[in-house]
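Protein chains in written order, with this note's numbering: chain A, 1205 to 1536; chain B, 1245 to 1585.
Just so you know, even glycine gets a beta-carbon here, dropped at the ideal spot from N, CA and C.
Please read these numbers as outputs of a predicted model, since none were measured by experiment.
One structure is given here, and the rest of the page talks about it.
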Amino acid sequence: MRTITYRDALREAIREEMQRDERVFILGEDIAGYGGTYAVSKGLFEEFGEKRVRDTPLAEEVITGAAIGAALGGLHPILELMTINFSLLASDQIVNQAAKFRYMFGGQPEIPLVVRMPGGGGAQRGAQHSQMLESWYAHIPGLKVVMPATPYDAKGMLKAAIRDPNPVLFIEHELLYNVKGEVPDEGVEYTVPLNRGEVRREGQHVTIITFSRMLHVTLQAAEDLTKEGIQAEVIDLRSIRPIDIDLILDSVKKTNRVVIAEEGWKYYGTGQSLAALIYEYAFDYMDAPIQHVNGADVPMPYSKVLERAALPNKSDIVNAVKAIVPQALVHS
Amino acid sequence: MAISNMALAGLTRTQLLEMHYKMALLRRFEEKSAEEYTRGKIGGFMHLYIGQEAVGVGAITALRPDDKILSSYREHGQAIVKGMDPQVVMAELFGKITGCSKGKGGSMHMWSNELGLLGGNAIVAAQMPIAAGVALAMQYQGFDTIVACFFGDGAVDEGAFHESLNLASIWKLPVVYICENNQYSMGMSVQKAWAVDSLLPRAAAYNMPYEQVDGMDVIKVYEAMKRAVERARSGQGPMLLEVKTYRFRGHSMTDPSYYRTREEEQQWRTTRDPIGFFEKKLLDLDLATQAELDENDTRATQVAEDAAEFAENSPDPALEELYADVMVDNSTALSYRYERK
């Protein structure tokens, strides 16, 4: 094991898959000469050349459609969209084309496509560059939507996504690229499945379900909660679609209390969907109403002070937990 | 009457008669489709190709069987010319399991991996970026397969048209973009929708060769397409063809065509019919006899009848089909770790 950044882990996944399979190639805006807006593809152009590391014009609709077409034509494209915000310009290709082809054409087309893109806020990039849109995409049958939070998962899930025969939206977070973590040595082969969450911390008093950057905030909150005797179980969802429902239900049936912590907006979002599933499948096990920790229901403000207030933080999670975990339970 | 052995545009008499048969087949097939739609056997939207037969037949005849085509929602004709059994097309219109897309696609969504028919697409211009990508895959793998992408004049108004032409041009992709300019995007006439009166300046803007073609003359379409295909196949890059045509029916089955006059329609139908025009040419050049043309038409009518009968007698999809084919690995929104009770 070594300690590397999330960014380096992604690059290793791409490089190893490109070395393994000639059909794998990457395309996107400024991924070649520039090395990628977040430097994920740095060095790959030098290693693989312009055929397999393709700079594209700033034209999200055509490059997404071209990636779909390339997949239909027998290749395994990895498309980098500069940010998830720009994916809205390609949303027809993602939602009406990639997601629907398999079904609409009676099971004939196969679209082994990965669309990588970072979402999230926290860097004062303003409303049009700071949002979580995973819930939109996860609503659509025909797509897989994954959001790894650690370098280990970033590498293992990206490799799995590249080998997956379906269109996979691989959503990163711009504040995760510098996060470090343990990853097996280069060349040590592993993948992480695209349909499995992970218990990051065991506990018996409450289950906190989270994903992406909020995992790290949640783990800090869980640590703080131990000072008050509360042992929180932390689930890293990792995959937004499919949802690892059994992992969630097993934990909920043990703790009987749930907090869902996500950076995105609350209404019609991932957290509310998870809550509905938990009530549907485990209502009898619930001892308290599910608590939601979300980003403020506003377009992201630029002001440092306001942005900080808009993003969910550690105390929001601590407070949400304390609202449903009675002292008596902790000290019994 | 003496039958000439003279070839037309390098096509043998047999090939020319086959083209005539296909045009007749598209006409009769669409007429039959309209009849079945009126009977309630076909639902949803249905966009007929009547009037535009020379485009599909001329263009696809210039392709190799392994070449790929992508099209819009007006694609029954192209599917048939590419080689799809009319019975399978009609069954798809009927929503039957024997349809090319198992009845899940309908009129606007025909597909066949074997035939290289990569979709009718119901989002205007959305097939254009995808066609560029399929062409990229061919170029990348060193194949000399090319891609033909059909779209209407309305697609020109979409951003995807412009983005696609640009990408295809800078990457020299082996794709031929064929604009079937039938002069109306639904009811909006091209004169009102376009800031220019042909696609020449648009092609020039993307440094792409361009040809305007009389879409009522199947031979002219064939010849122009052949030039474009040879260019693309030899690695010289994409080309834009603007094929001027006219749809004799409404935009879809429910279109009362308030936006154009009956006189205009009548004018096109009586003086510019692509089948009548081609028949006259074949007869004038002694390349066919009236009896041969009549026989083609009779056969086409019968094939359309048989297609409808096949579709009628085919079973509906089983209800288990509802959840099949969403994902290649049959995954669903929920992932279970163990068998549920």
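Give the residues of chain A in contact with Ala-1551 of chain B, contact being defined as C-beta atoms less than 7 Å apart.
-> By Cβ distance, chain A contributes nothing, its closest Cβ being about 18 Å from Ala-1551 of chain B, past 7 Å.
Taking all protein chains shown into account, do 16 or more other C-beta atoms lie within 10 angstroms of the C-beta of Gly-1386 of chain B, making it buried, or fewer, making it exposed?
-> exposed
Nearest to Val-1419 of chain B by CA position, among A:Gly-1277, A:Ala-1236, A:Val-1372, is which residue?
-> A:Gly-1277
Cα-Cα separation, Ile-1208 of chain A to Glu-1393 of chain A | 16 Å
What are the uninterrupted segments assigned as beta strand (DSSP E) that are 3 or more residues long and contained completely in the stretch 1307 to 1357 of chain B, given in chain order?
-> 1312 to 1315
Asn-1370 of chain A: contacting residues in chain B (beta-carbon distance under 8 Å) = Met-1571, Val-1572, Asp-1573, Ser-1575
CA-to-CA distance, Pro-1281 of chain A to Leu-1317 of chain A, given in whole angstroms = 6 Å
According to DSSP, what are the bridge partners of Tyr-1428 of chain B?
-> B:Ser-1433
Output, in sequence order along the chain, the residues in the stretch 1437 to 1466 of chain A whose CB is closer than 7 Å to any CB in chain B.
-> Arg-1445, Pro-1446, Ile-1447, Asp-1448, Ile-1449, Asp-1450, Leu-1451
Among residues of its own chain, excluding the 5 on either side of Leu-1537 of chain B, which ones have a beta-carbon nearer than 6 Å to its beta-carbon?
-> Glu-1523
From Pro-1446 of chain A to Ala-1243 of chain A, what distance separates their C-alpha atoms?
-> 29 Å
On the three-pair Cβ rule with 8 Å, is the stretch 1440 to 1459 of chain A touching the stretch 1396 to 1407 of chain A?
-> yes
Cutoff 6 Å; reference Asn-1540 of chain B; Cβ partners in own chain excluding five residues on either side = His-1264, Tyr-1265, Ala-1268
Scan the stretch 1377 to 1392 of chain B for residues whose Cβ lies nearer than 7 Å to a Cβ of chain A and list them as they occur along the chain.
-> Gly-1377, Val-1378, Leu-1380, Ala-1381, Met-1382, Tyr-1384, Gln-1385
So Met-1483 of chain B is in the beta strand (DSSP E); what residue range does that whole segment cover?
-> 1483 to 1488
Taking one C-beta from the stretch 1430 to 1437 of chain B and one from the stretch 1274 to 1291 of chain B each time, how about it: are there three or more such pairs within less than 8 Å?
-> no
Tell me, please, whether the stretch 1490 to 1510 of chain B touches the stretch 1436 to 1455 of chain B by the rule of three or more beta-carbon pairs shorter than 8 Å.
-> no
Exposed or buried, what is Met-1504 of chain A when buried is set at 16 or more other beta-carbons lying within 10 Å of its beta-carbon?
-> buried
Express the C-alpha separation of Asn-1410 of chain B and Val-1301 of chain B in angstroms, rounding to a whole number.
-> 27 Å
State the beta-bridge partners of Trp-1320 of chain A as determined by DSSP.
-> Note that residue 1320 of chain A corresponds to Arg in the displayed sequence, not to Trp. A:Glu-1284, A:Phe-1374, per the DSSP bridge assignment.
Three-state secondary structure (DSSP) of Asp-1296 of chain A | helix
Would you tell me roughly how many angstroms separate the C-alpha atoms of Ile-1434 of chain A and His-1409 of chain A, rounded to the nearest one?
-> 6 Å
Determine the direct distance from the alpha carbon of Trp-1415 of chain B to that of Pro-1330 of chain B, and round the result to whole angstroms.
-> 36 Å
Check whether the Cβ of Phe-1487 of chain A sits closer than 6 Å to any heavy atom of the ligand GTP, and report yes or no.
-> In the structure shown, the ligand GTP is absent, as is every other ligand, since no ligand is present at all.
So, do the stretch 1304 to 1322 of chain A and the stretch 1346 to 1365 of chain A have three or more beta carbon pairs nearer to each other than 8 Å?
-> yes
Closer than 7 Å at the beta carbon, the chain B residues around Tyr-1307 of chain A | Lys-1348, Asp-1569, Val-1570
List, in order along the chain, the chain B residues whose C-beta lies closer than 9 Å to that of Leu-1510 of chain A?
-> The premise fails here: Leu-1510 of chain A is roughly 34 Å from chain B at the closest Cβ pair, so nothing lies under 9 Å.
Can you tell me whether DSSP reads Ala-1454 of chain A as helix, strand or coil?
-> Here residue 1454 of chain A is Asp; the residue named in the question, Ala, does not match the sequence. Here Asp-1454 of chain A sits in helix by DSSP.
For Asn-1426 of chain B versus Thr-1514 of chain B, is the C-beta spacing smaller than 7 Å?
-> no
Quick one: does Ala-1263 of chain A have its CB under 7 Å from some CB of chain B?
-> yes
Quick one: which chain B residues come within Cβ less than 7 Å of Ile-1272 of chain A?
-> Ile-1374, Gly-1377
Beta-carbon proximity of Ala-1335 of chain B to Tyr-1466 of chain B, cut-off 7 Å | no
Could you pull out every residue in the same chain whose Cβ sits closer than 8 Å to the Cβ of Lys-1246 of chain A, ignoring the five residues on either side in sequence?
-> Arg-1215, Gly-1239, Gly-1240
For Gly-1330 of chain A, I'd like the list of residues in its chain whose CB is within less than 7 Å of its CB, leaving aside the five on either flank, ordered along the chain.
-> Met-1504, Tyr-1506
With a Cβ-Cβ cutoff of 7 Å, do Asn-1498 of chain A and Glu-1466 of chain A count as a contact?
-> yes
Does Pro-1352 of chain A get closer than 7 Å to chain B when you measure Cβ to Cβ?
-> no
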